[in-house]
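Protein chains in written order, with my numbering: chain A, 5 to 558; chain B, 289 to 624; chain C, 2 to 357; chain D, 2 to 357.
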Amino acid sequence: MRLGLMAVPFVFFAVFFAYPVAVIVGRGLKDGGQWQLGRFGAVLGDPDVLHVLWFTVWQAAASTALTLLIALPGAYVFARFAFPGKQLLRAVVAVPFVLPTVVVGSAFLALVGRGGLLDDLWGVRLDTSVWAILLAHVFFNYAVVVRTVGGLWAQLDPRQEEAARVLGAGRFAAWRKVTLPALGPAVAAAALMVFLFTFTSFGVVQILGGPTFSTLEVEIYRQTADFLDLPTAAVLTLIQFAAVLGLLALHAWTVRRRESTLRLVDASRTARRPHGAGQWALLWGTLTVIAVLLVLPLAVLVERSFAGPDGFGLVFYKTLRDAASADSTFAVAPLDALWNSLAYGAAATAIALLVGGLAAAALTRSRPAAGPSGRTPMITRLLRGFDGLLMLPLGVSAVTVGFGFLITLDKPPLDLRASWWLVPLAQALVGVPFVVRTMLPVLRAVDGRLREAAAVLGASPWQVWREVDLPMVRRALLVAAGFAFAVSLGEFGATVFIARPDQPTLPVAVTRLLGRAGEFNYGQAMALSTILMVVCAGALLALERIRTDHSGEF
Amino acid sequence: GCGSAGDSSADTKTVTLVSHDSFNASKSVLAAFEKESGYKVKVLRGGDAGEAVNKAILSKDNPQGDVFFGIDNTLLSRGLNAGLFTPYKAKGLDSVPADLQLDKGGHRVTPLDYGDICVNYDRAYFTQHKLAPPQTFDDLLKPQYKGLLVTENSATSSPGLAFQLGTIAAHGEAGWTDYWKKLKANGVEVVDSWEQAYNERFSGSAAGKGKGDKPLVVSYASSPPAEVMGKNPAPKEAPTGVATGTCFQQVEFGGLLKGAKNEKGGKALLDFLLSKTFQEDMPLQMFVNPARKDAKEPELFTRYGARIDKPATLAPETIAKNRDQWVKQWSSLVLK
Amino acid sequence: MTAQARTAATEMLRLDGVTVSFGMPGTHPALDGVDLDVAAHEIVCVLGPSGSGKSTLLRVVAGLQHADAGAVLLEGRDQVGVPTHRRGVGLMFQDHQLFPQRDVAGNVAFGLRMRGSSRGEQQRTVTELLDLVGLPGAAGRAVASLSGGEQQRVALARALAPRPRLLMLDEPLGQLDRGLRERLVVELRRLFRELGTTVLAVTHDQGEAFALADRVVVMRDGRIAQSGSPLEVWQRPASAFVARFLGFDNVVEASVQGESAATPWGKVPVPDGTPDGACRLLVRPAGVRLTSAADGLPCTVVARTFRGTHVALLLQPASGPQVEAACPLHEAPETGDRVGISFAAEDVVVLGDAEE
Amino acid sequence: MTAQARTAATEMLRLDGVTVSFGMPGTHPALDGVDLDVAAHEIVCVLGPSGSGKSTLLRVVAGLQHADAGAVLLEGRDQVGVPTHRRGVGLMFQDHQLFPQRDVAGNVAFGLRMRGSSRGEQQRTVTELLDLVGLPGAAGRAVASLSGGEQQRVALARALAPRPRLLMLDEPLGQLDRGLRERLVVELRRLFRELGTTVLAVTHDQGEAFALADRVVVMRDGRIAQSGSPLEVWQRPASAFVARFLGFDNVVEASVQGESAATPWGKVPVPDGTPDGACRLLVRPAGVRLTSAADGLPCTVVARTFRGTHVALLLQPASGPQVEAACPLHEAPETGDRVGISFAAEDVVVLGDAEE
Ligand SMILES: Nc1ncnc2c1ncn2[C@@H]1O[C@H](COP(=O)(O)OP(=O)(O)OP(=O)(O)O)[C@@H](O)[C@H]1O
Ligand SMILES: Nc1ncnc2c1ncn2[C@@H]1O[C@H](COP(=O)(O)OP(=O)(O)OP(=O)(O)O)[C@@H](O)[C@H]1O
Ligand SMILES: Cc1ncc(C[n+]2csc(CCO)c2C)c(N)n1
Ligand SMILES: [Mg+2]
Ligand SMILES: [Mg+2]
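Right, here's the structure in full:
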């Protein structure tokens with residue numbers, strides 16, 4: 005049965021990832037029928053490449069560490085405190101995720117760049133410094149940690165910590181000794197995702213790092229899209245692959261030693277109003293971080309969308325509407341772009357949930373039942389390997405995948421190059437790892453005996469999944485759905501590559517506007533970005549509602 | 289539905305134009321062609337200019353469309369060498385100046401438009417500082433312009449590359465490195481993309497107002513008209529100007545893709561692209577100059593644009609031969 | 002009709018040499034060749050020390066634990082390969098395993114939902130069962146807000162709801178107070194009789210086992226040490242282990258000759274017909290009669306524990322092991338007093354061989 | 002020395018009008034103005050029906066549950082605002098709450114690690130305590146692989162390890178078999194005496210409470226129904242509720258006059274010095290003597306339950322409520338037999354007023 009569950013994800017992964025990437029890499033390495041393995045030596049011997057590799061790795065590690073440091077308290081606040089506006093805020097922190105990096109870079113520059121807020125106030129400039137990159141990475145990925153870790157955290161039985169407290173552990177010690185180990189797999193999953201994002205960071209590094217900082221991703225893009233130097237790109241891709249694989253192995257190793265079933269409770273019962281000075285300080289601290297680090301850059305964009313040539317007003321929104329009816333293929337009706345984005349997003353989310361959900365279900369069942377250990381069935385190992393492979397799309401350049409699609413999905417029955425479905429499929433490639441990563445820690449934490457309890461009450465395996473796993477994982481599933489949707493709304497690299505031009509998405513439209521001189525183009529880009537933000541927040545908020553609107557069902 | 293669009297290229301009622309992100313046209317103009325020829329036009333836009341060309345090359349065995357629009361002189365050789373195009377002499381080629389016809393013998397590609405990459409300046413800044421704006425490449429080295437110019441990374445931005453090629457054309461293959469050393473010493477700032485340079489760093493753009501602090505930027509000769517576009521009432525002059533002695537000419541070509549499913553339609557489309565109707569529609573849609581001599585430029589261009597008399601040029605073959613190496617040299621010279 | 006089919010008609014459950022080993026080095030298997038028959042409509046209680054394999058036994062029957070050897074037959078059909086939900090058995094877990102996201106009603110109705118019962122029937126059953134377990138009106142409560150005993154009662158109601166043909170209960174009443182427990186034992190017995198449910202219940206409380214069961218099974222280290230009616234087991238423990246497990250500590254080596262046996266405590270009368278020779282004797286505390294110090298075996302009262310209905314005395318004779326006696330509160334001597342004891346033959350039990 | 006300070010010297014814990022209300026509509030508070038003093042070194046057992054607030058009481062003392070009213074004082078100091086880990090109290094949870102990521106040793110040693118004990122000491126304590134609870138060699142096992150009773154013992158060992166000055170145990174032995182439980186009660190008592198630990202233990206098992214406690218506290222619906230030494234409570238239940246809770250069902254309305262009282266069962270002798278007037282009487286089953294049907298109050302044997310040490314009989318007199326009686330197995334009549342009963346004054350208890 006496990007293999008059955010695995011079939012869909014496997015085919016999806018093979019057709020829409022492994023095959024295109026293998027072909028494009030193969031094309032690069034096999035020049036004129038000859039394997040150009042000498043390329044490795046040449047590329048690896050280049051000190052510039054080594055420098056880029058080193059920078060890529062360390063900035064990713066630093067970004068991940070910084071994100072965890074800043075976002076873990078946030079995860080705690082969202083999981084354990086009840087405060088007004090929490091749902092809205094939970095949606096807001098995910099908004100950065102959907103914004104095109106060009107837009108974000110611009111907002112960040114307005115804060116930390118020359119003449120930015122920091123510069124005005126204290127004369128501090130962070131642009132072209134690594135700090136701007138790191139902070140922007142935190143900005144993007146705060147939600148990853150808050151939502152994946154916080155999702156599980158809210159379901160942890162608070163009595164576990166109480167047990168530690170009566171054994172003499174202080175609040176922090178109880179957290180470190182009891183909660184953190186329980187959260188371990190979720191933290192690791194979030195860290196892995198953040199690392200992969202920042203490892204493959206493109207726009208942020210380009211805009212905020214200036215030409216002096218470059219990641220492997222940037223190099224691959226440049227070699228592929230600008231120079232058409234496929235051999236070099238292939239070698240770089242393989243280097244990136246190797247690094248990602250090593251990381252996945254490390255992740256699998258640490259997680260496997262930590263995974264255990266946990267006492268999970270209904271999340272709606274664990275949040276309390278903050279109690280005591282410490283907790284209020286933590287809440288306000290988190291709110292401040294969110295305000296400064298996440299809301300302020302977004303607010304800059306909103307402000308600009310209203311700052312028309314004749315003072316504040318809706319002029320850009322209005323011209324956006326007028327432009328849509330103009331006699332030009334340049335102008336994009338915002339409603340159309342919005343609709344395209346939502347349609348792609350819905351399709352991509354559905355695909356990601358289907359594929360990722362099946363994969364997560366199969367991977368959960370692959371854990372040997374508590375009992376005699378020592379025997380690791382072949383199939384289990386196979387699935388474990390697959391677990392890691394599913395993460396690979398996050399570690400592979402969008403341009404590689406895009407070019408791969410171009411040269412592989414061009415023949416029947418897979419002539420999808422101009423198909424509408426290609427976009428959601430490509431976007432789902434990024435969404436699937438999200439779904440798997442957010443769901444697995446929770447699914448694996450579900451006590452197997454709850455499933456047994458359902459089985460002895462007559463539930464078939466499918467019913468067990470629906471009645472036990474699904475309610476438990478519902479939260480994670482909605483988090484995952486939110487991410488898959490946000491990723492799709494915000495995805496740019498692959499979308500711009502393969503989206504049909506008559507169906508641009510909001511980010512594509514924004515980028516198009518930014519690519520042209522003129523006040524109105526810029527203002528309209530800001531206005532569209534604002535619309536994008538509102539839509540994203542609205543969609544996530546709607547998802548939140550689904551989450552809480554379940555009650556005592558029979 | 290799935291695959292529905294994939295097979296439509298085989299349908300001879302549709303002609304597919306493959307281009308880059310910047311391709312635009314008036315809907316009415318396209319509709320007129322469709323009505324007249326009976327073909328339905330489908331446009332595929334595939335990333336920026338470089339990406340679009342590379343994608344076309346990679347998929348040349350099974351092209352995505354019939355006509356390619358938008359390969360410029362810096363990339364032309366790559367496309368020609370890859371054998372991307374089927375020769376076709378479009379109607380109206382005679383009205384195109386000879387110096388734009390870079391594949392005159394083969395007719396594999398047809399020049400459709402041209403534009404110039406030049407340094408733009410912020411008029412307000414120079415008036416305010418009672419400074420004359422620079423006009424030539426050499427002016428940029430002068431101490432009064434120290435720290436005023438922002439340009440783009442040649443490796444990641446096509447205006448950046450064009451500007452570098454302009455300096456090479458002006459100072460020769462031997463002299464350009466020296467020029468850049470001096471330019472660097474004079475405080476040139478490099479950013480990765482045009483968007484960043486123009487929207488964020490340049491003080492003259494509407495977007496950069498209040499935050500950009502560089503009054504000189506490498507941009508298009510058509511940027512000043514764009515700044516005026518949509519303004520009501522129309523200002524006396526554009527807020528920005530063009531340093532006419534710093535220009536490098538980019539000529540954009542179109543061609544019939546080899547293996548096109550609808551070759552007949554492709555030919556008709558190519559003719560249309562060079563027709564006076566389309567050529568006159570182009571400037572306000574793509575902010576480029578029409579290739580046809582007899583195409584009338586819009587008032588916006590004539591009033592706010594600059595006339596570039598002698599832009600720098602380089603032969604496509606020279607560019608093709610040296611490009612990667614020049615970019616590398618430039619990077620290690622300027623970025624390190 | 003074959004023999005197999007005939008037994009199947011009256012037999013609900015049969016275990017044949019069931020062995021489960023968790024492969025922990027240096028330990029015996031959790032179940033070690035267990036043979037057990039449970040007739041239809043029978044109520045069997047499994048007793049045994051902690052860790053003796055009681056829960057594992059239930060898990061094997063439910064198909065939740067793979068048996069390394071042996072067979073499980075339900076109504077004569079081998080259950081190998083039959084998944085849990087098709088076995089038609091119910092199991093109440095020792096640690097309840099209530100579904101945390103569902104309220105009390107959602108938990109209790111779960112089994113009915115899985116069987117596709119109508120909403121009305123679900124609701125009716127939930128109300129009925131919550132009344133039975135003494136939690137009327139708790140239907141809408143979150144399980145996390147229940148006290149320990151309340152959770153146990155919800156778990157019991159959940160297990161009862163789908164009315165399985167074979168119901169297994171793992172310590173169903175362990176967290177309840179005596180009054181409630183006694184009431185529930187009576188009501189459950191009535192319910193099971195009414196529905197004809199076959200029951201296999203684990204308990205560590207002998208009182209409960211004796212009150213509930215038609216038959217008790219005493220386990221030890223994964224094996225069945227004794228099986229029989231409560232009275233049988235109580236009156237005639239098969240071994241010193243069972244005797245001690247039932248709380249009888251007065252076990253001595255004895256050598257029977259005629260009507261009495263020589264023991265470290267002196268002569269002890271044995272029941273009629275006891276064969277001569279070496280054996281072990283159990284003297285139930287009730288069979289230890291207090292006399293004056295002069296009349297019987299002289300002992301010192303070492304300890305005196307009030308047991309509610311009686312006082313348990315620990316007596317030290319001049320030689321031999323300590324003797325436990327029970328006497329009413331108003332007759333009980335104080336610690337340190339010297340008393341005499343004699344033994345009543347009807348409370349002396351000859352135990353099986355030397356198994357220890 | 003002020004009165005406050007003086008009490009503090011001998012008093013470990015004082016609760017003053019502690020009230021906890023979970024705000025469920027239509028229910029009484031979980032704790033309702035509870036006053037309780039526990040002296041240093043005292044062992045107090047809290048008894049009470051399921052849901053009567055026992056666990057909530059312990060959670061309030063530990064600072065895990067906020068009290069809506071009232072004060073908790075430890076050694077005379079008000080604990081308001083003192084976080085749990087600074088209270089120096091230990092708590093064993095009813096559902097154990099073992100840490101699933103840690104093995105047995107890791108669980109047991111947890112409290113010691115929090116106190117910064119050396120590794121050597123941790124190891125020593127773990128070994129010692131695992132021996133005590135009968136799990137030698139289990140140190141390296143995963144807690145999920147333990148049986149229910151084994152888990153409970155690990156939880157007990159974990160609570161004991163840091164030797165808190167006030168140790169609270171919530172049903173510490175509920176899942177253990179009788180033999181083990183009796184041994185542990187003895188050993189725990191010894192250990193607590195040795196260490197001078199003050200203990201507040203919840204149990205539903207009266208036998209355990211009486212064996213372990215210096216004092217028992219009976220709770221009902223969030224209030225304390227009676228508090229006193231085990232013997233006191235047993236012999237003189239303060240109310241019909243306590244009597245019934247202890248398992249005595251022979252409670253009748255009576256009207257005392259001189260040496261006997263008029264009841265639905267006829268005349269019942271009452272202890273000397275009982276004031277005349279209306280009251281309720283409890284007749285302990287042991288005080289119901291069987292006679293021939295002609296001699297005493299004629300009854301029919303309605304039910305007969307074997308209780309291990311004795312047989313419980315349920316008798317129906319011609320009029321009045323049923324009477325419970327206890328008699329030895331060999332004297333017990335069969336169901337349906339007709340017997341006579343008389344009452345022994347020493348097993349008749351006059352209950353407090355009409356509280357029901
Ligand atoms: N978190 C809670 N929310 C609402 N009600 C609660 C909560 N915790 C306990 N209660 C209720 O308070 C009452 C007392 O609960 P408590 O756990 O103290 O009972 P208990 O005496 O320990 O019972 P048991 O012997 O069954 O464990 C019960 O009726 C219970 O349902
Ligand atoms: N998953 C497991 N892995 C290893 N050992 C196990 C596992 N489950 C049970 N055991 C061991 O098997 C033995 C029997 O366990 P079981 O749970 O059947 O005992 P039990 O009789 O139910 O005890 P209790 O009365 O304490 O619940 C115990 O020694 C236990 O430690
Ligand atoms: C460094 C970094 N850059 C962008 C994103 C946001 N993001 C994550 S996935 C995705 C879609 C395209 O892959 C987008 C926009 C991020 N989280 N981290
Ligand atoms: Mg068990
Ligand atoms: Mg409790």
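We put the beta carbon where it would ideally sit given N, CA and C, even for glycine. Given the structure is predicted, the values throughout are model-derived calculations rather than measurements.
**OP:** Check Phe249(C) in the structure and name its three-state DSSP category.
**Re:** The residue labelled residue 249(C) in the question sits at position 248 within the third sequence. Here Phe249(C) sits in coil by DSSP.
Subject >> Span separating the alpha-carbon of Leu192(D) from that of Thr128(D) >> reply: For this step, residue 192(D) is matched to residue 191 along the fourth sequence. For this step, residue 128(D) is matched to residue 127 along the fourth sequence. Each residue's Cα considered, the two are about 16 Å apart.
Original post:
Since Lys564(B) and Ala579(B) are thought to touch, with beta carbons under 8 Å apart, how far apart are those beta carbons, to the nearest angstrom?
Top reply: In the second sequence, counting from the first residue as 1, residue 564(B) sits at position 276. In the second sequence, counting from the first residue as 1, residue 579(B) sits at position 291. Lys564(B) to Ala579(B), Cβ: 11 Å. No contact.
Subject >> Contact set, ligand 5 heavy atom to C-beta under 7 Å >> reply: Ser148(C), Gly149(C), Gly150(C), Lys55(D), Ser56(D), Gln95(D), Asp171(D), Glu172(D), Val203(D)
Original post:
From Phe211(C) to Phe307(D), what distance separates their C-alpha atoms?
Top reply: As a first step, residue 211(C) must be located in the third sequence, where it is residue number 210. As a first step, residue 307(D) must be located in the fourth sequence, where it is residue number 306. So the alpha carbons of these two residues sit roughly 7 Å apart.
Original post:
Is it buried or exposed for Val355(B), if we count other Cβ within 10 angstroms and need 16 for buried?
Top reply: Taking the second sequence and counting its residues from 1, the one referred to as residue 355(B) is at position 67. Flag for Val355(B) reads buried.
Subject >> Inter-residue spacing [alpha-carbon to alpha-carbon] between Thr228(A) and Thr404(A) >> reply: Here residue 228(A) refers to the residue found at position 224 of the first sequence. Here residue 404(A) refers to the residue found at position 400 of the first sequence. If you take the alpha carbons of Thr228(A) and Thr404(A), they lie about 8 Å apart.
Original post:
For the 8 Å Cβ check, are there 3 or more pairs between the segment 164 to 179 of chain D and the segment 85 to 99 of chain D?
Top reply: The segment 164 to 179 of chain D vs the segment 85 to 99 of chain D: in contact.
**OP:** Please check the pair Glu488(B) and Leu113(A), which I expect to be a contact at CB under 8 Å, by giving their CB distance rounded to whole angstroms.
**Re:** If you number the second sequence from 1, residue 488(B) lands on position 200. If you number the first sequence from 1, residue 113(A) lands on position 109. Contact flag correct, Cβ pair sits at about 6 Å.
Original post:
In the segment 127 to 195 of chain A, which residue ranges form an unbroken alpha helix (DSSP H) of at least 4 residues, counting only runs that do not cross its ends?
Top reply: 134 to 157, 162 to 170, 175 to 178
Subject >> C-alpha gap between Lys627(B) and Asn342(B), whole angstroms >> reply: Nothing about residue 627(B) can be read from this structure; chain B reaches only from 289 to 624.
Original post:
If we cut at 9 Å on Cβ distances, does Gly375(A) have a partner in chain B?
Top reply: In the first sequence, residue 375(A) corresponds to position 371, counting from 1. Summary for Gly375(A): the model assigns pLDDT 36, below 50, so the residue's position carries little reliability; its value from the coordinates is reported in the next sentence. Not an interface residue.
**OP:** List the whole-angstrom C-beta distance separating Leu212(A) from Ala256(A), where the pair is believed to meet the contact cut-off of C-beta under 8 Å.
**Re:** Translated into positions along the first sequence, residue 212(A) becomes position 208. Translated into positions along the first sequence, residue 256(A) becomes position 252. Leu212(A) to Ala256(A), Cβ: 32 Å. No contact.
Original post:
Would you call Ala304(D) buried or exposed, if buried means 16 or more other Cβ atoms sit within 10 Å of its Cβ?
Top reply: The count along the fourth sequence starts at 1 and reaches residue 304(D) at position 303. Exposed is the call here.
**OP:** Go to Leu213(D), then tell me how far its alpha helix (DSSP H) extends in each direction, as first and last residue.
**Re:** In the fourth sequence, counting from the first residue as 1, residue 213(D) sits at position 212. Here the alpha helix (DSSP H) through Leu213(D) covers 207 to 213.
Original post:
Which residue from Leu147(C), Asp178(C), Glu183(C), Leu131(C) puts its Cα closest to that of Arg159(C)?
Top reply: One-based indexing of the third sequence puts residue 159(C) at position 158. Nearest option by C-alpha distance: Leu131(C).
Original post:
Using a C-beta to C-beta distance shorter than 7 Å, which residues of chain C count as neighbours of Leu1(D)?
Top reply: There is simply no residue 1(D) to check, as chain D begins at 2 and stops at 357 in what is shown.
Subject >> Close Cβ partners of Pro299(C) (< 6 Å) along its chain, the five nearest in sequence each way excluded >> reply: As a first step, residue 299(C) must be located in the third sequence, where it is residue number 298. Correct list, in chain order: Gly341.
Original post:
List, in order along the chain, the chain C residues whose C-beta lies closer than 7 Å to that of Ser343(D)?
Top reply: Residue mapping note: residue 343(D) aligns to position 342 of the fourth sequence, counting from 1. Simply none; closest approach about 16 Å.
**OP:** Consult DSSP for Thr275(C) and reduce its assignment to one of helix, strand or coil.
**Re:** The residue given as residue 275(C) occupies position 274 in the third sequence. Secondary structure of Thr275(C) (DSSP, three-state): coil.
Original post:
Below 9 Å between beta carbons: does that hold for Leu510(A) and Val99(A)?
Top reply: Indexing the first sequence from 1 puts residue 510(A) at position 506. Indexing the first sequence from 1 puts residue 99(A) at position 95. In this structure, Val99(A) does not lie closer than 9 Å to Leu510(A) by Cβ.
Original post:
Of all Cβ atoms in chain A, is any one closer than 9 Å to the Cβ of His205(C)?
Top reply: As a position in the third sequence, residue 205(C) is number 204, starting the count at 1. Not an interface residue.
**OP:** Whole angstroms is fine: what's the gap from Met13(C)'s alpha carbon to Ser293(C)'s?
**Re:** Taking the third sequence and counting its residues from 1, one reaches residue 13(C) at position 12. Taking the third sequence and counting its residues from 1, one reaches residue 293(C) at position 292. One alpha carbon belongs to Met13(C), the other to Ser293(C), and they sit about 55 Å apart.
Original post:
What in chain A is Cβ-close to Pro163(D), meaning under 7 Å?
Top reply: The residue given as residue 163(D) occupies position 162 in the fourth sequence. Per Cβ cutoff of 7 Å: Leu171, Gly172.
**OP:** Return the chain-ordered list of same chain residues with a C-beta closer than 8 Å to the C-beta of Phe14(A), the five sequence neighbours on each side being excluded.
**Re:** As a working note, residue 14(A) is residue 10 in the first sequence. Result list for Phe14(A): Phe390, in chain order.
**OP:** Verify whether the separation of the beta carbon atoms of Arg15(C) and Ala70(C) is less than 9 Å.
**Re:** Here residue 15(C) refers to the residue found at position 14 of the third sequence. Here residue 70(C) refers to the residue found at position 69 of the third sequence. Not closer than 9 Å, so no.
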